[in-house]
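Undergrad:
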Amino acid sequence: MSQTQFQQVYGHRVAALHGQRDPARLRWHVWAQQVRDGGIPCFATDERNTCDESDCPWRPQCRARMAAWKR
Numbered sequence: 003m004s005q006t007q008f009q010q011v012y013g014h015r016v017a018a019l020h021g022q023r024d025p026a027r028l029r030w031h032v033w034a035q036q037v038r039d040g041g042i043p044c045f046a047t048d049e050r051n052t053c054d055e056s057d058c059p060w061r062p063q064c065r066a067r068m069a070a071w072k073r
């Protein structure tokens, strides 16, 4: 069963209140940095499955398995 958008946002806010990172906020921050560096905003997108940039600073986080509703 998929979650509604409200449930996703609520879950992210609860996680933030408990001191966990908000995955959406991190993703937007990394995308902005990738664009500033002249790249394409690909962090935690489906492109991570075919990425061959081994020197990317976000590679470990980007390539980590993630539930579809958290993307």
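Quick note: the sequence shown uses the working numbering, first residue 3, plus one each step. Ideal Cβ positions, reconstructed from N, Cα and C, are used throughout, including at glycine.
#1: According to DSSP, simplified to helix, strand and coil, what is H14?
#2: According to DSSP, is W60 helix, strand or coil?
#3: Would you tell me roughly how many angstroms separate the C-alpha atoms of R15 and D54, rounded to the nearest one?
#4: Enumerate in chain order the residues of its own chain whose CB-to-CB distance from R29 is below 8 angstroms, with the five nearest sequence positions on each side excluded.
#5: Can you grab the Cα-Cα spacing for the pair I42 / V11, in whole Å?
TA: Let me spell this out:
#1: Reduced to three states, the DSSP call for H14 is helix.
#2: When secondary structure is reduced to three states using DSSP, W60 falls in the coil class, being assigned neither helix nor strand.
#3: Straight-line Cα distance between these residues: approximately 33 angstroms.
#4: Answer for R29: F45 and A46, listed in chain order.
#5: If you take the alpha carbons of I42 and V11, they lie about 25 angstroms apart.
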